[in-house]
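Trainee:
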Amino acid sequence: MIIKTENRTDIEIIFSKIADKYGSVWLDSSLKVDNKGTKSFIARNPIGGVKLENNQITIQQFDKKIVSKSDENIFEYLEQYWQDNNYFSVGYFSYESTLPLLGLENQKKSIIPDIQFLIYDVVLIYDHITGELVSSNPNIDDFSDLLDSTDISTENILPNKNKFKTAYTKDEYLRKVEKVKYHIKEGDIYQANFTCGFEIESIQNPFNVYSKLRNLNPVPYSSFLNFGDFQILSSSMERMFKKENNMLSTCPIKGTIQRGASITEEKACLETLLNSEKDKAELLMIVDLERNDLGKVAQTGTVKVNELFKPEIYSSVIHLVSEIICQTDNNIKVSDIIKAMLPGGSITGAPKKRAVEILSKLEEIPRNVYTGCIGYVWGKQADFNIAIRTILHKENKYYLHAGGGIVADSDPENEYNEMLLKAKNLFRAIGIE
1 MIIKTENRTD IEIIFSKIAD KYGSVWLDSS LKVDNKGTKS FIARNPIGGV KLENNQITIQ
61 QFDKKIVSKS DENIFEYLEQ YWQDNNYFSV GYFSYESTLP LLGLENQKKS IIPDIQFLIY
121 DVVLIYDHIT GELVSSNPNI DDFSDLLDST DISTENILPN KNKFKTAYTK DEYLRKVEKV
181 KYHIKEGDIY QANFTCGFEI ESIQNPFNVY SKLRNLNPVP YSSFLNFGDF QILSSSMERM
241 FKKENNMLST CPIKGTIQRG ASITEEKACL ETLLNSEKDK AELLMIVDLE RNDLGKVAQT
301 GTVKVNELFK PEIYSSVIHL VSEIICQTDN NIKVSDIIKA MLPGGSITGA PKKRAVEILS
361 KLEEIPRNVY TGCIGYVWGK QADFNIAIRT ILHKENKYYL HAGGGIVADS DPENEYNEML
421 LKAKNLFRAI GIE
């Protein structure tokens, strides 16, 4: 049933009316890139949920709550909803929650649940190609009160005078990059994605911050998720995986350059990126890793590199992107895909397990949701981003990270500057110029 035909700004108006309510979620394709980001989803009033926190599973269905003592069956509980076409599930896996999938112990405690999904029986779908806004279940009237607003309720972001805390000084960051390079020289790894965390005290409204972020940095896989005592604001351009029936794809990103100030400069930047042997080698390593991960769930002989070094242009940077695709058996579950692919190769390194072991010693604070994944499962469909360019808001504090892939010929100073470039719009959204 078609409710309304709207545009990008109007979708923001609709969601702004419920953004401050627990359980309000917006999977926001604020920029369509080729076949990516063609639909956005809005949901409210979850009918249940599943979360993992402190090794305990909490299952909430309607007004009943069940607590399990161990995390052994988290996927079993999730699959009960994921395999049912009547349920739309939205949530995330924190980076730390994915380490046991590699057989590694998680030694850093996240400040949010490790895994959390909310379950809905109706969702509002906006098609960016046709401009149609559609309810998944016209028999449930859950959105009519949102469709009569013409004014957006966000406020201007005020300059933030509070200093932010950083996990490392510049010198410490440079030394840690050198340690990664040492491990590469010793033959332990080929590359690793080292990151830096930041903490900012601010009373800025989280949806106002998100509204500014999505306009500063429109991307295909944005999201705003309100879990009550914390909110996730993601502005990711990287797809972890998409499952549609028995087709599966992943789109790793490696290689970053700042956009030019003019058409001539931009063309030069593009040429520089496309001719960068370092960036192409970095991406090629991850493509090989992701091919191997897809092979764990793919039908034999179907894994294929569809695109290898494709440039994608965003508001402040240009990235190199690849796409790897495959076919799966019809009985493959989303949980099978997650177990095969997480944590993502582009945000860990190669070989994946050894890179994560080294990073766990070098990185002193948890990544939380950053470089985990955010997305939805709906019957035979699933789509998850890698949670880069992502902010976590909790108790008047904003937590964010940025980083980059380190290889043998990485220059630590350049890596530091690239890390700050990636964080630039996140800081600006919070009011730090």
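Take the sequence shown: its position 251, counting from 1, is numbered 251 in this note's numbering, and each next residue is one higher. A virtual CB, placed ideally from N, CA and C, is assigned to each residue, including glycine.
1) Any idea what DSSP makes of THR98, helix, strand or coil?
2) Going by beta carbon distance, what residues of the same chain come within less than 6 Å of VAL123, once the five residues before and after it are set aside?
3) Could you round the C-beta distance between ASP383 and LYS176 to whole angstroms and report it? I think they count as a contact, below 8 Å.
4) Going by the CB atoms, is the gap between ILE66 and ILE74 shorter than 7 Å?
5) Please state if the CB of SER335 and the CB of GLU79 are separated by a distance shorter than 7 Å.
6) Could you spell out the range, first to last residue, of the alpha helix (DSSP H) harbouring HIS393?
7) Quick one: using the 10 Å Cβ neighbour count with 16 as the cut-off for buried, is SER70 buried or exposed?
8) Looking only at C-alpha atoms, which of LYS339, GLU238 and GLY295 sits nearest to ALA387?
9) For SER223, which residues does DSSP report across the bridge?
10) In whole angstroms, what separates the C-alpha of SER223 from that of ILE232?
11) Quick check: the segment 338-351 against the segment 202-212, are there 3 or more CB pairs under 8 Å?
12) Let me check understanding here. Comparing Cα to Cα, which of LEU359, ILE358, GLY372 and ASN331 lies closest to LEU342?
13) Would DSSP call ASN385 helix, strand or coil?
14) For ILE125, which option in ASP114, LYS352, ASP142 and ASP171 has the closest C-alpha, if you only look at C-alpha atoms?
15) Taking C-alpha atoms, which residue in MET240, ASN330 and PHE198 lies nearest to LYS424?
16) Do the CB positions of ILE257 and ILE313 come within less than 7 Å of each other?
17) Excluding the five sequence neighbours on either side, which residues of its own chain have a C-beta within less than 8 Å of the C-beta of ASN292, listed in chain order?
18) Within 8 Å, do at least three Cβ pairs link the segment 214-222 to the segment 363-372?
19) Should ILE112 go down as buried or exposed, given a rule of 16 or more other Cβ atoms within 10 Å for buried?
20) If we call anything under 7 Å between Cβ atoms a contact, is ASN193 one with GLY403?
21) Pull up the DSSP beta-bridge partners for GLN327, would you.
22) Let me know the secondary structure DSSP gives GLU199 once reduced to three states.
23) Would you decide whether TYR182 is buried or exposed? Buried here means 16 or more other CB atoms lie within 10 Å of its CB.
24) With C-beta atoms as the reference, is GLU290 less than 7 Å away from THR250?
25) Do you know offhand how far ILE337's Cα is from LEU294's?
26) Which residue's Cα is closest to the Cα of ASN106: LYS361, ARG389 and ASN414?
27) Straight-line CA distance for ASN331 to SER410?
28) If VAL90 and LEU27 are in contact, beta carbons under 8 Å, what's the gap, nearest whole angstrom?
29) What do you get for GLN56, buried or exposed, if any count of 16 or more other CB atoms within 10 angstroms of its CB means buried?
30) Straight-line CA distance for GLY37 to ILE129?
31) Got a sec? Which residues, its chain only, sit under 7 Å from ASP121 by beta carbon, not counting five neighbours each side?
Mentor: In terms of the structure at hand:
1) When secondary structure is reduced to three states using DSSP, THR98 falls in the helix class.
2) PHE41, ALA43, PHE88 and SER136, listed in sequence order.
3) For ASP383 against LYS176, the beta-carbon gap comes to about 33 Å, at or over 8 Å, which does not count as contact.
4) One thing to note: ILE74 has its Cβ no nearer than 7 Å to the Cβ of ILE66.
5) Going by C-beta atoms, GLU79 is nearer than 7 Å to SER335.
6) In this chain, HIS393 is not harboured by any alpha helix (DSSP H); it is covered by the beta strand (DSSP E) spanning 390-394.
7) The Cβ neighbour count for SER70, taken over all protein chains shown within 10 Å, is under 16; the residue is labelled exposed.
8) Cα-wise, what sits closest to ALA387 is GLU238.
9) BP columns for SER223 point to LEU27 and SER234.
10) Cα to Cα, the separation comes out at about 8 Å.
11) Result no; under three Cβ-Cβ pairs closer than 8 Å.
12) For LEU342, the nearest C-alpha among the options comes from GLY372.
13) ASN385: strand per DSSP, three-state reduction.
14) It is ASP142 whose Cα lies nearest to the Cα of ILE125.
15) The option with the nearest alpha carbon to LYS424 is PHE198.
16) Contact flag unset, no.
17) Cβ neighbours of ASN292 within its own chain (closer than 8 Å, five residues either side excluded): none.
18) Contact between the segment 363-372 and the segment 214-222 is absent, because fewer than three Cβ pairs lie under 8 Å.
19) Counting C-beta atoms within 10 angstroms of its own C-beta, ILE112 has 16 or more neighbours from the protein chains shown and is therefore classed as buried.
20) Result yes, Cβ atoms of ASN193 and GLY403 sit closer than 7 Å.
21) Looking at the DSSP output, GLN327 sits in a beta bridge with MET247.
22) Correct three-state label for GLU199: strand.
23) Exposed is the call here.
24) Closer than 7 Å, so yes.
25) ILE337 and LEU294: Cα-Cα distance of roughly 8 Å.
26) With distances taken between CA atoms, ASN106 lies nearest to LYS361 out of LYS361, ARG389 and ASN414.
27) Take the alpha-carbon of ASN331 and the one of SER410: they are about 43 Å apart.
28) Yes, they are in contact, since the Cβ atoms of VAL90 and LEU27 sit about 7 Å apart, within 8 Å.
29) Answer is exposed; the Cβ neighbour count stays below 16.
30) Rounded to the nearest angstrom, the two C-alpha atoms are 10 Å apart.
31) Excluding sequence neighbours, ASP121 sits near ILE47, ASN86, TYR87, ASN137 and ILE140.
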